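Some notes on the structure that comes next.
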Amino acid sequence: VYNGFWFAPERVAIQALVTETQKTVTGEVRLKLYKGNVMQAGRRSPFSMYSEAVATMEGGQEEAYNQDDATGFIALNALRLKATARQGQ
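Using the numbering used here, the letters of the sequence shown map in sequence onto residues -2 to 86.
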């Protein structure tokens, strides 16, 4: 938008991304306002992907999140970050 770039290809591409990702963004959010703070009190959406059975870190459920699954992801992500840090030295 700045410098007259509203019709630039980059703005059109970004707008397509935003339009696509927001197709299922709908629902209700309840907020609590108290002494200058805003706190989430609840949310609801017909497209919600949240599942308490999956989000729990309590053991014993097949669907439950296994913290050990993050180990490989953390190690792989760290490689990229370490390489970036070495280039900056």
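Using N, Cα and C, we set each Cβ at its ideal position, and we do this for glycine too. Model, not experiment: these values are computed from the prediction.
Extent of the continuous alpha helix (DSSP H) run through residue i
i     : result
Asn74 : Ala67 to Gln84
Val22 : From DSSP, Val22 is part of no alpha helix (DSSP H); its letter is neither H nor E.
First and last residue of the uninterrupted beta strand (DSSP E) at residue i
i     : result
Glu49 : Careful: Glu49 lies outside any beta strand (DSSP E), inside the alpha helix (DSSP H) at Glu49 to Ala52.
Ala61 : Counting along the chain, Ala61 falls outside any beta strand (DSSP E), and DSSP gives it neither H nor E.
Ala5  : Premise fails: Ala5 is in no beta strand (DSSP E) and is neither H nor E.
Gly39 : Asn34 to Arg41
Cβ neighbours of residue i in the same chain (closer than 6 Å, five flanking residues each side left out)
i     : result
Glu25 : Arg41
Leu73 : none
For residue j and residue i, believed in contact at Cβ under 8 Å, the rounded distance
i     : j     : result
Ala61 : Thr53 : 5 Å
Phe44 : Thr23 : 7 Å
Same chain, Cβ closer than 7 Å to residue i, five either side skipped, listed in chain order
i     : result
Val35 : Leu28
Close beta carbons around residue i, own chain, < 8 Å, minus the five adjacent residues each side
i     : result
Glu55 : Ala61
Arg77 : none
Taking contact to mean 3 or more Cβ pairs, one atom from each stretch, closer than 8 Å, check whether the region 27 to 34 and the region 6 to 19 are in contact.
no
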